[in-house]
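Encoded as structure tokens, the structure appears first; notes follow it.
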Amino acid sequence: MMKWVFGGMIILSVVYAFATGNAAEVSNAALNECQNAVQFLLVLLGSMCLWGGFLKIAERSGLTAIIAKILSPFTRLLFPSLKKDSKALTAISMNITANLLGLGNAATPLGISAMKALKEEVPEPQSDTASHSMILFVLLNTASIQLLPTTVATLRLQNGSAVPMDILPAVLLTSFLSLLVALFSALCCKQTLRAKQRFTIREV
Amino acid sequence: MLAKFGVFVIPAVLLGIVVFGLAKRINIYDAFLEGAKEGAITTFQIMPAIIAILTAIGMLKASGALAALVQLFEPVCRLIGFPAELTPLAIIRPISGSGSLAVLEQVLGDYGPDSFIGRVASVMQGSTETTFYTIAVYFGAAQITKTRYALPCALSADFAGMILSAAAVRLLM
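The following block contains the structure:
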């Protein structure tokens, strides 16, 4: 999938640029953006180290296990294949907590460690194919489950909104429903693929 | 009031972790150093995926193709009852986090934060995520290249979020 996304973006940009005479802009963008990406990674490196460090403290003190337990009714429902005290389930709980609190900088490193733990759970850890649990987990993160949309509220405040947080009910409703759409469509995909697989096996 | 809540979250979380760790007699400094080291290693692991996706997005913006996509989708948006003024935001939101914040800022400035357009834009920004970036980073970290149905599902949720944000503002505000 990613090869088509990546390839599609490059082909579309270059072809469009040639057609409209923007070739110079695209060549500048290609050369500059990869450097900007490194700059962005340096910023990320800082927060990855900070949150990685604090997470390790929380892990050793047993704080992460407590949070994992609190969230377990929800996480066990979504990830029934994971064992109760597995590393993956704990990391997923921490990522959800950070997302709910709106700690985007913390959610990314926590989510990455959850992905790595999920990869160790699959039968062939060397595989380059996403498991259903990995996909569900990524969908939890591409949907926004932040309780308070603080960044947007700050922007609204700066632009002179009377009540910057009055969007909250609408945001929560929209987030919740679109998360349901994501999870439901993933379940449908899983079922369809499984049915297809069964069909091919019978044919053979 | 609630808008300022975010200022307190990070210090409170950091304080909580440190105090809890000390109470449990953990060597919190050693633990921090070890965790930070793992964080550094992970950052280098996701570097290739991030460079790939950010460069491709930069090229897409510079070529003018992104702006053309926005124009292409404008009639579709109008058809499904979604304010056409917000098409740029809807297209850019899943692709670029900083880009969508810039577009939101412009929309809030042009239409006012408490107008219908301003509110729908705020709800859309607040209830969706930077899908392409998230998928690239997370699957990149796990060295997964075959993402199967992750992207279609994520994008259908983004699409639902876009339509629902307009509906939710009409319904609730």
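Sequence order for the protein chains is A and B.
Okay, so the first sequence: first residue is 0 according to numbering that gives the first Met the number 0, each after it adds one.
Okay, so the second sequence: first residue is 0 according to numbering that gives the first Met the number 0, each after it adds one.
In this text, a Cβ means the ideal position worked out from N, Cα and C, and glycines have one as well.
(Q) If we define contact as Cβ-Cβ less than 8 angstroms, is Glu73(B) a contact residue for chain A? (A) no
Q. How many Å lie between Lys55(A) and Phe19(B) at the Cα?
A. 12 angstroms
Q: Determine, using beta carbons only, whether Val119(B) and Leu85(B) come nearer to each other than 8 angstroms.
A: yes
**Q.** Residues of its chain near Ile66(A), where Cβ-Cβ distance is below 6 angstroms and the 5 sequence neighbours each way are ignored
**A.** Counting only residues of its own chain and dropping the five nearest sequence neighbours on each side, Ile66(A) has a CB closer than 6 angstroms to the CB of Ser92 and Thr96.
Q) What do you reckon, are the CB atoms on Ala142(A) and Ser184(A) nearer than 8 angstroms? A) no
Q: Following the continuous alpha helix (DSSP H) through Val13(A), name the residue where it begins and the one where it ends.
A: Met1 to Thr19
Q | Gly7(A) classed as buried or exposed, judged by whether at least 16 other C-beta atoms fall within 10 angstroms | A | exposed
Q.
So the candidates are Leu81(A), Ile10(A), Leu154(A) and Leu147(A); which of them puts its Cα closest to the Cα of Gly103(A)?
A. Leu147(A)
**Q.** Thr173(A) versus Val75(B): straight-line alpha-carbon distance, rounded
**A.** 21 angstroms
Q. Expressed to the nearest angstrom, what Euclidean distance is found between the alpha-carbon atoms of Ala64(B) and Asn158(A)?
A. 30 angstroms
Q. What residues match up with Thr74(A) in a beta bridge as DSSP calls it?
A. Answer is none; Thr74(A) lacks a bridge partner.
Q. If you check the beta carbons only, do Phe78(A) and Ser130(A) fall under 8 angstroms apart?
A. no
Q.
If the cut-off is 7 angstroms on Cβ atoms, which residues from the segment 120-153 of chain A count as contacting chain B, listed in chain order?
A. Asp127, Thr128, Ala129, Met133, Ile134, Val137, Leu138, Asn140, Thr141, Ala142, Ser143, Leu147, Pro148, Thr149, Val151, Ala152 and Thr153
**Q.** Within chain D, partners of Arg155(A) - CB distance below 7 angstroms
**A.** Among the protein chains of the structure shown, namely A and B, there is no chain D.
Q.
Excluding the 5 residues flanking Val203(A) on each side, which residues of the same chain have their C-beta closer than 7 angstroms to its C-beta?
A. With a pLDDT of only 44 at Val203(A), under 50, the local geometry of the prediction cannot be trusted, and the value read off the model is given with reservation. Hits under 7 angstroms: none found.
Q) Distance, Cα to Cα, Asn94(A) vs Thr107(A)? A) Roughly 8 angstroms between the two C-alpha positions.
(Q) Please report the straight-line C-alpha distance between Ala30(B) and Arg59(A), rounded to a whole angstrom. (A) 8 angstroms
Q: Compare the C-beta of Asp84(A) with all C-beta atoms of chain B and state if any pair is closer than 8 angstroms.
A: no
Q: Just the chain B side, please: which residues come within less than 9 angstroms of Ala161(A) by C-beta, in chain order?
A: Chain-order list of chain B residues neighbouring Ala161(A): Pro112 and Asp113, by C-beta distance under 9 angstroms.
Q: Identify, in the order they occur along the chain, each residue of the same chain with its Cβ nearer than 8 angstroms to the Cβ of Ser71(A), setting aside the five sequence neighbours on each side.
A: Lys83, Leu88 and Ser92
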